[in-house]
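Beneath this line is the structure, given in structure tokens, with notes to follow.
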Amino acid sequence: MKYDFREIELNAKDKWAEHKAYAVAEDPSKPSFYVLDMFPYPSGAGLHVGHPLGYIASDILARYKTMSGYCVLHPMGFDAFGLPAEQYAIQTNRHPEETTKENIDRYRQQLELLGLGYDWNRSVTTSDPNYYKWTQWIFLQLFNHVYRGDLQKAAPIEELFGHFRHFGSSNHPFLGTAHDAFSADEWNQFDSEKQAAIAMNYRLAYQADAWVNWCEALGTVLANDEVKDGFSERGGHAVEKKRLKQWFLRISTYADRLLLDLEGLNWSAAMKEMQSNWIGKSEGASLGFKVANSEIVLEVFTTRPDTLFGVSFMVLAPEHPLLAEVVKFGFEEALAYAKQASNRSERERQAGSEQATGAFTGSYALHPISGKELPIWVGDYVLAGYGTGAVMAVPAHDTRDHKFAMAFGLPILPVIELPEDESLPYESKEGRLMHSDFLNGLEVKEGISAMLAHLEAKKLGLKTVNYRLRDANFSRQRYWGEPFPIVYSTGIAKAVDVQDLPVELPHMEDFKPTGRPESPLTKAKAWTELPEGIRETDTMPGFAGSSWYFLRYMDPKNNEHFASSAALNYWKQVDVYIGGTEHAVGHLLYARFWHKFLYDLGYVPGHEPFKRLVNQGMILGRSNLVYRETSTGKYVSAGLVPTSKKGFQALHVDVNVVHDDALLPEQVLAIFPEARPHLLVLEEGVLKCGVEIEKMSKSKFNVVNPDAIVEDYGADTLRMYEMFLGPIEQSKPWNTQGIEGVNKFLRRVWRHCISEGGHCVLTSDSPEPAALKSLHTLLKRLHQDIEDMSMNTCISAFMICLNELLDQKCKSIEIFRPFSLALSPFAPFIAEALWEKMGGVGLACKQEFPKVEEKHLVEDQFSYPVSFNGKKRFDLTLPLSLSPSEIQQEVLSHAEAKKWLQGQTLRKVIVVPGRIVNIVLG
RNA sequence: GCCCGGGUGGUGGAAUCGGUAGACACGCAGGACUUAAAAUCCUGUGGGCAGUGAUGUCCGUGCGGGUUCAAGUCCCGCCCCGGGUACCA
């Protein structure tokens, strides 16, 4: 019987369904293992061959772990809420509820084709009310908690109220936004609206007026990580700064822990680096500069207090809150400048960055030590969102300050001795300080600590740690997201009662963005207007649902809790998390933040969600191009086109039509309506196509669908080929041609074990030592490499082993039974069929993974490569029992060696037993 | 600019601790079987030079140096490609 993958796959699927092979239940008698895939946003385009790469790798690991005695959780779900899903619905002029459901069904179908062992009963969908009930619940926990700086831990907001009632705002340990001080009496006198406003400065989920990224085209604000180079990451639309009242998550309170705990994680260095850069911790001093003839004090943050004597002016951000007060009569130009600068989009501000712009305010600040007058300027190179939005400018030792000083003719005061070949601005932290009073003669690093000590002693400033990480904007003015469980009554934001969760998203026919910074939900009057007040109409961003989904898989049907503590304590954390690098700072940082918060509240047993992270590379498309000569309109075969491609237009053609990188003339005529037979310039009767490696996308006609591959070769072949392509972390091009190799491997396994009539032709003969050695070499490899996620080398090991067994004409069932069980994680369908044909009882995928027996691997001789001066000249097989000196003797007395030794002086002999012999001649 | 990855045959890639570079595949070439095709099997396949030939010999892991008996692997200096990030005070 030939290898009929269609029948084999159908049978195996039936058998798995019948035995509920992939249903997972916590088994306390076994150790747990949690393998997680980053769940997909189900796009309208369906899966291409690049998507399942990580799913297949994780499936192999999960199956291997199951067979090795672990209770394994390997779930899959859908990230269905959010901008992309809604944009897709708008484009196709349908409701997101409908399109989302359809896309999920299609995704699931495609995934099921591949034989991935997911327990679909545990699947979650973020847009399902039973799921987002708990997203809302966690939001309410954030709303009702504050952060204690002294304990580095979240605490109930009642603690804050208690402190304010008894002690007012003095000496409280809570981290938040600065506000005016008050006494206990004052607090108790405040009306509830005022108290609520003050509490907003501390809640971990809070509302504030802030400069946010407003995207006109998408009709919503975006978080910092959703904006790249001044454009929206999704769609590439312009983004501008706007001051709006929004919900935020106070992730900044967790900045230090998010940074410190990176250390213990088994993540790639690059990934940790990206997170660490995003958090952007910097240590320095904050100090106040008094404004001359006023009460105003300008706070600045600097990492270089050593250069304080080099300050020659100050610069405020255009959005600085005190700017209007600082600007003197007659200098209104500065206000006009600031207004115009803050109205410019982020993009425009960056584009004009070669030219420093700014204006003088007319005011002067006083140097905190020397008392010297320093002109105060406003300039858009100072960012409102970082530090205090004001800088002390040291043009001699900061490039940006230098550029500004040069543009406006401001003084430049060097305070560090300049090394020979250096010029200003000199930013290095090497050198000796000068013109700096008590710092003169000190090294920069000494100067920093000396100045810090001085500032603190004189109460002029404080040692301060600053973070680049800012609080996460949590409001979106869009329809397709989780509604906030918040109702406003008498102007106060109040939490919806937990019993009333979920607050369900109302069905709306017209859900399109309003174009104003206002959610479409404002139009659902019946939904927003309640007897007790008005509902919040913004919705949560895409990352809300994805920040905790991995916990819900542990106990997805629970109606009382987001997951039971029994389940949480059994699975603990994700052991291996597989996904792309694109989520380095968004999802992974928010998920860590939420997890730490839940840990502080005692809900989860550990403070990090993902122990090990594996980033799969992208599978790139291999595009085919047809070259058309621009001047003549001729379609020219690739071999005849000059390398420079000058004068030629490269047109993408569908790779699913092209065979062996060539098109038949009639195909060309069918694809291009303007093509005529006389316009074709062929080679050997065909039009050869150019090849380019680029991202797989519809517009490039290079998308290969897994369904088509499964149709032609079967799912086992697709699984193995995806793994065989190369290391999982690496990006590599897809080339369907190469698939023959693994397909042939599976056919050979089948044909060797199963007769034409469909019977097992293996014998019960006891296996030869050589066969045992081949098998156990394979097993040893697998045990190592599967854990390392080095699946490509596993596949080669299978091929090597089979090649050897075929050479040996081995037919022993004692070899091929463990061989096919070992194959089961990689090619589960064929393994199931082989297991059955070999008379196995139960399911192959539930058997114990074959163990390595080292005794079959012991060698007693080794073929030594013998080198002279590092160049290999011959091989010599010797017993491994020989000592180095015996080996040396054997080698030197060998006839072949004599030839090379002739007329040469023997300098040295290097013998590494079991490896190499090298003879040094002189 | 800065910070990470990475450069190995025609292609994807392998190579444990510094120890036989190119495993395993694809492709290609030749052959067997076949009326033919498919399928299957066998042989060869980094490059140069010499030889009818077995074979011999030199070069070879982006480039240039270095360490070492021995370097794809370690060190120094460059070049190129991919990713991240950018007025972060």
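Residues in the first sequence are numbered consecutively from 70, following our numbering.
Glycine residues also receive a C-beta, built at the ideal position from the N, C-alpha and C atoms.
Predicted, not measured: the structure shown is a model, and the values here were computed from it.
query: Write down the C-beta distance between G614 and F150 rounded to the nearest angstrom, noting that I regard them as a contact closer than 8 angstroms.; result: 5 angstroms
query: Could you spell out where the beta strand (DSSP E) holding E761 opens and where it closes?; result: G759 to E763
query: Count the C-beta pairs between the segment 577-597 and the segment 628-645 that are closer than 8 angstroms, then say yes if the count reaches three, no if not.; result: no
query: What residue from K703, V654 and P711 has the CA that sits closest to L749's CA?; result: K703
query: Looking at C-alpha atoms only, which residue of V695, V683, A636 and A784 is the closest neighbour of V1010?; result: Given that the chain is displayed from residue 70 to residue 991, the structure contains no residue 1010 and the question cannot be resolved.
query: Taking just the CA atoms, how far does S713 sit from E761?; result: 14 angstroms
query: Among residues of its own chain, excluding the 5 on either side of W203, which ones have a beta-carbon nearer than 6 angstroms to its beta-carbon?; result: F631
query: Identify every residue that forms a DSSP beta bridge with A900.; result: Paired residues: none, contrary to the question.
query: Kindly list the residues whose CB is nearer than 6 angstroms to the CB of T372, restricted to its own chain and excluding five residues on each side of it in sequence; keep chain order.; result: S351 and G353
query: Rounded to a whole number of angstroms, what is the C-alpha to C-alpha distance between F236 and S252?; result: 7 angstroms
query: Cβ atoms of F378 and V484: under 8 angstroms apart, would you say?; result: yes
query: In or out: G908 buried (at least 16 other Cβ within 10 Å) or exposed?; result: exposed
query: Please work out which residues of its chain come closer than 6 angstroms, Cβ to Cβ, to P100, disregarding the five sequence neighbours upstream and downstream, and give them in chain order.; result: Y139
query: In three-state terms, what does DSSP make of F662?; result: helix
query: So for P600, helix, strand or coil by DSSP?; result: coil
query: With respect to the alpha helix (DSSP H) encompassing V737, which residues constitute its N-terminal and C-terminal limits?; result: P734 to I740
query: Are the segment 880-897 and the segment 913-928 touching, with three or more C-beta to C-beta distances below 8 angstroms?; result: yes
query: Contact defined as beta carbons within less than 8 angstroms: I believe D644 pairs with V104. What is the distance between those atoms, to the nearest angstrom?; result: 7 angstroms
query: Mark V726 as exposed unless 16 or more other C-beta atoms lie within 10 angstroms of its C-beta, in which case mark it buried.; result: exposed
query: How would you write the range of the beta strand (DSSP E) that A265 sits in, first residue to last?; result: First-last for A265: S261 to A268, but that is the alpha helix (DSSP H), not the beta strand (DSSP E).
query: DSSP beta-bridge partners for L990?; result: L975
query: Just grab the DSSP bridge partners of L657 for me.; result: None, per the DSSP bridge assignment.
query: Look at F937 and I988 and say whether their C-beta atoms are less than 8 angstroms apart.; result: yes
query: With distance defined between alpha-carbon atoms, name the residue in W904, M475, V380 and A407 nearest to Q424.; result: M475
query: Going by beta-carbon coordinates alone, are P111 and I173 separated by less than 8 angstroms?; result: yes
query: Quick test of the definition: if touching needs 3 or more C-beta pairs under 8 angstroms, does the segment 759-776 touch the segment 115-132?; result: yes
query: Could you give the first and the last residue of the continuous beta strand (DSSP E) run that contains L529?; result: Element bounds for L529: n/a, residue is neither H nor E.
query: Taking all protein chains shown into account, do 16 or more other C-beta atoms lie within 10 angstroms of the C-beta of V910, making it buried, or fewer, making it exposed?; result: exposed
query: Quick one: what does DSSP say R373 is sitting in, helix, strand or coil?; result: coil
query: So F898 and G184 are in contact, right, with Cβ under 8 angstroms, and what is the actual spacing, rounded?; result: 6 angstroms
query: Looking only at C-alpha atoms, which of A307, P198, H576 and S558 sits nearest to G602?; result: S558
query: Which of the three DSSP states is assigned to E352 in this structure?; result: strand
query: By Cβ distance below 6 angstroms, which residues in the same chain neighbour Y450 in space, the five residues on each side in sequence not counted?; result: R469
query: Have a look at S505 and L392 and give me their C-alpha separation to the nearest angstrom.; result: 30 angstroms
query: DSSP has G690 in a bridge; who is on the other side?; result: E763
query: Could you give the distance in angstroms between the alpha-carbon of A964 and the alpha-carbon of K880?; result: 41 angstroms
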